[in-house]
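Asker: So that we are looking at the same thing, I have put the structure below in structure tokens.
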Amino acid sequence: MHKQLLGALLLALLLTILGCANPKPHYIIGVSQCSADIWREKQNAELRMGAYFHDNVELKFAAAYDSDERQVEQIDSLLNDGIDLLIVAPNQVQTISPAIDRAYDKGIPVIVFERKTSSQKYTAFISADNYEMGRVMGEYIVSRLHGQGTVLEIKGLEGSSPAIERHNGFMDAIKDVPGIKVVGSLQGDWTEETAYETTQQWLANNKDVRVDLVFGANDRTAMGARKSLTSARGGGGGTLYCGIDGLPGENGGIQLVRDSLLDASYIYPTHGDQIIELAVNILEGKPYEKETMLMSALVTSDNAKVLQMQGEELMRQADRLDQLHEKADSYLHKLDIQHVVNWMSMGVILLLVVTIVLFYLYHLRNLKLQQERVVSTLWNMEIEPAPVADETKEHTADSSADEKPSVVAESAFLARFREVVEARMEDSEVSVDDLAAEMSLSRVQLYRKIKTITGSSPVELLRSTRLKRAYQMLLTTDKSVSEDKSVSEVAYAVGFTAPSYFSKCFKEEYGMVPGDVRK
Ligand code: FRU
69 MHKQLLGALL
79 LALLLTILGC
89 ANPKPHYIIG
99 VSQCSADIWR
109 EKQNAELRMG
119 AYFHDNVELK
129 FAAAYDSDER
139 QVEQIDSLLN
149 DGIDLLIVAP
159 NQVQTISPAI
169 DRAYDKGIPV
179 IVFERKTSSQ
189 KYTAFISADN
199 YEMGRVMGEY
209 IVSRLHGQGT
219 VLEIKGLEGS
229 SPAIERHNGF
239 MDAIKDVPGI
249 KVVGSLQGDW
259 TEETAYETTQ
269 QWLANNKDVR
279 VDLVFGANDR
289 TAMGARKSLT
299 SARGGGGGTL
309 YCGIDGLPGE
319 NGGIQLVRDS
329 LLDASYIYPT
339 HGDQIIELAV
349 NILEGKPYEK
359 ETMLMSALVT
369 SDNAKVLQMQ
379 GEELMRQADR
389 LDQLHEKADS
399 YLHKLDIQHV
409 VNWMSMGVIL
419 LLVVTIVLFY
429 LYHLRNLKLQ
439 QERVVSTLWN
449 MEIEPAPVAD
459 ETKEHTADSS
469 ADEKPSVVAE
479 SAFLARFREV
489 VEARMEDSEV
499 SVDDLAAEMS
509 LSRVQLYRKI
519 KTITGSSPVE
529 LLRSTRLKRA
539 YQMLLTTDKS
549 VSEDKSVSEV
559 AYAVGFTAPS
569 YFSKCFKEEY
579 GMVPGDVRK
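Under the numbering used here, read the sequence shown as residues 69 to 587, first letter to last.
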């Protein structure tokens, strides 16, 4: 009974723990950014926002600050940390590919975004079309200059795919327009500082070359050239500036176009939340697009105002969402604490219940042992014959089902039964019916009562009394009489009809054969 009860308690505990376990797997997504600038900041914020919608997604960010070496190291360290998926914008096409291959070969899904790798080892690619951007910007420039003018190009980082593709697109757009002359194609690296310096050098070497328009591979580059030109030539001399990125918000490309600092830009979409959705689909084994081309658009003075307003509104909403998330986070944190407290109180209650049950079982066992001890004492001690009045009382009490006989009543009853047994045991013919009749009870009543008090049946008690008497007799019978004979005599004398059966019972009771007693 103890074991069953404990088993049930443990099972209940186990089921409760299992029932509360969260079956959703926890995903760690590594994000390897080649750079750190306002475009990447916006994207990282969107990635975080996307992850808010999945409570089992954790992001680990790394920014390589335009260094190939650092990015390779960071990817390897993300892999060592045990990420489940890698999102990567490779700084240059060739240099980062081996690290990306290592991730892919390890069985980790890889999403390459925005910049390309030379390897085919990636799970999905997501970006806007950089060649198309360069081409459309080229066409815009042609029309803006009415097919006639000089252009200074500041390229993006050498070896990075958007730089190559934007340049190619631009060159293809102007190649058949003889009036458009590229007076310089300078190597930039996406940063404003480098654009400023390289432009300054070029201007120093090309003092008399007129620049009608600067095409920067991104807005920051275009602005660097602008600063350089305005400081070198004072006022800029009517030069127009075009870039790419078209970010919303303070000092973003859209605002720069609206404020006429840039003539045009091109929205280079960040779409971090979309990248997270793609990642989760891959991780959950759901269908996904291997190559995703993001929509993009030209920003000019015609639409800059509207785009800026829309962008600001979107950013405001994103900010609200962020605040909401923080609120939800702190609420969930509170709930978590509550949860722990609940678990703890449940644990304490469970411990209490187990203690009480164990205590109860221990107590029950002690009580049983005590009872057994009392019964055996009662049966074995020399008892005065019980007064008749008690016997009657006992009999009456027995007929009432609810009433529990006291220990005194029980001992008196036992004493009386022992008397009857001792008086009748020599009679081998005596039956339980006879004994019951002597106790003024039916056979069944006697059986129940004796069994309840002693745990043994009347027959068992009769037999053990006979054996006890036999033992006494064996100790005292004449030793000159042959051993077999005396054992048989004793067996008959205490009411056994077969000496062999007597010997068997004797051995069971005392662990030795009757002959041994005499020896
Ligand atoms: C941001 C950035 C953008 C540019 C893109 C090219 O890090 O430099 O300004 O459009 O990367 O990959």
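All C-beta atoms in this analysis are idealised placements derived from N, C-alpha and C, irrespective of residue type, glycine included. None of the values given here were measured: they were computed from a predicted structure.
Strictly by DSSP, which residues pair up with Y334?
Answerer: The partner list for Y334 (beta bridge, DSSP) reads L366.
Asker: So S165 packs on S135, CB below 8 Å; how close in whole Å?
Answerer: About 16 Å; that fails the 8 Å criterion.
Asker: Please list the terminal residues of the continuous alpha helix (DSSP H) segment that includes I343.
Answerer: Where I343 is concerned, the enclosing alpha helix (DSSP H) stretches over 340-351.
Asker: Give the secondary structure of M361 by DSSP, where H, G and I count as helix, E and B as strand, and everything else as coil.
Answerer: Three-state DSSP puts M361 in a strand.
Asker: Excluding the 5 residues flanking C573 on each side, which residues of the same chain have their C-beta closer than 7 Å to its C-beta?
Answerer: Once the five neighbours on either side are set aside, the close Cβ partners of C573 are R531, L535.
Asker: For the beta strand (DSSP E) containing E506, name the first residue and the last one.
Answerer: Element bounds for E506: not the beta strand (DSSP E) but the alpha helix (DSSP H), 500-506.
Asker: Just to confirm my understanding: we take D257, look at its own chain, exclude 5 residues before and 5 after, and list those with CB closer than 8 Å. What are they?
Answerer: Result list for D257: D134, G224, L225, E226, in chain order.
Asker: How about Q142 and A130: are their beta carbons less than 8 Å apart?
Answerer: Yes.
Asker: Could you tell me which residues DSSP pairs with L103 in its beta bridges?
Answerer: This sequence places Ser at residue 103; Leu is not what is there. The partner list for S103 (beta bridge, DSSP) is empty, contrary to what the question assumes.
Asker: N112: beta carbon under 7 Å from a heavy atom of the ligand FRU?
Answerer: No, Cβ of N112 sits at least 7 Å from all heavy atoms of the ligand FRU.
Asker: Under three-state DSSP, which class holds E551?
Answerer: Correct three-state label for E551: helix.
Asker: Where does A480 sit, in a helix, a strand or coil, going by DSSP?
Answerer: Of the three classes helix, strand and coil, the one that applies to A480 here is helix, per DSSP.
Asker: Count the other CB atoms within 10 Å of the CB of E114; is the residue buried (16 or more) or exposed (fewer)?
Answerer: Buried is the call here.
Asker: To which residues does DSSP link V581 through a beta bridge?
Answerer: In the DSSP output, where bridge partners are listed per residue, V581 has none listed.
Asker: Just the C-alpha distance for G382 and E207, rounded to the nearest angstrom, thanks.
Answerer: In the sequence under discussion, the amino acid at residue 382 is Leu, which differs from the Gly named in the question. Computed Cα separation, rounded: 30 Å.
Asker: Taking just the CA atoms, how far does S398 sit from H407?
Answerer: Their Cα atoms are separated by approximately 14 Å.
Asker: By a C-beta neighbour count over all protein chains shown, 10 Å radius and 16 as the cutoff for buried, is L389 buried or exposed?
Answerer: So L389 counts as exposed.
Asker: How many whole angstroms separate the CB atoms of I106 and I343, which I take to be in contact at a CB cut-off of 8 Å?
Answerer: Contact flag wrong, Cβ pair sits at about 18 Å.
Asker: Which complete alpha helix (DSSP H) runs does the segment 115-188 hold, if anything under 4 residues is left out?
Answerer: You should have 136-149, 165-173.
Asker: Whose C-alpha, out of M291, D152, S211, T545, is nearest the C-alpha of G175?
Answerer: The candidate whose alpha carbon is nearest that of G175 is D152.
Asker: Please list the terminal residues of the continuous alpha helix (DSSP H) segment that includes G237.
Answerer: 229-242 is the span of the alpha helix (DSSP H), which, as asked, contains G237.
Asker: Using DSSP's beta-bridge definition, name the partner residues of D313.
Answerer: Answer by DSSP bridge pairing, in chain order: I335.
Asker: Ignore the nearest five residues each way along the sequence and tell me which others in S556's own chain have a CB closer than 7 Å to its CB.
Answerer: For S556, where only same-chain residues beyond five positions count, the Cβ hits under 7 Å are P567.
Asker: Following a CB-centred definition, is I312 positioned closer than 7 Å to any heavy atom of the ligand FRU?
Answerer: Within the cutoff, so yes.
Asker: Would DSSP call S532 helix, strand or coil?
Answerer: Of the three classes helix, strand and coil, the one that applies to S532 here is helix, per DSSP.
Asker: Ignore the nearest five residues each way along the sequence and tell me which others in V348's own chain have a CB closer than 7 Å to its CB.
Answerer: Hits under 7 Å: H122, V125.
Asker: Roughly how many whole angstroms lie between the Cα atoms of R326 and T368?
Answerer: Roughly 8 Å between the two C-alpha positions.
Asker: Measuring alpha carbon to alpha carbon, tell me which residue in E497, Q513, S496 is nearest A504.
Answerer: It is Q513.
Asker: Does the ligand FRU have a heavy atom nearer than 7 Å to the CB of E182?
Answerer: Correct: E182 has its Cβ closer than 7 Å to the ligand FRU.
Asker: Should D280 and V219 be called a contact, given that it needs their Cβ atoms to be closer than 8 Å?
Answerer: Contact flag set, yes.
Asker: Can you give me the start and stop residues for the alpha helix (DSSP H) that G292 sits inside?
Answerer: Note, G292: alpha helix (DSSP H), 287-301.
Asker: Give me the Cα-Cα distance between N159 and I232, rounded to the nearest whole angstrom.
Answerer: Approximately 13 Å between the Cα atoms of the pair.
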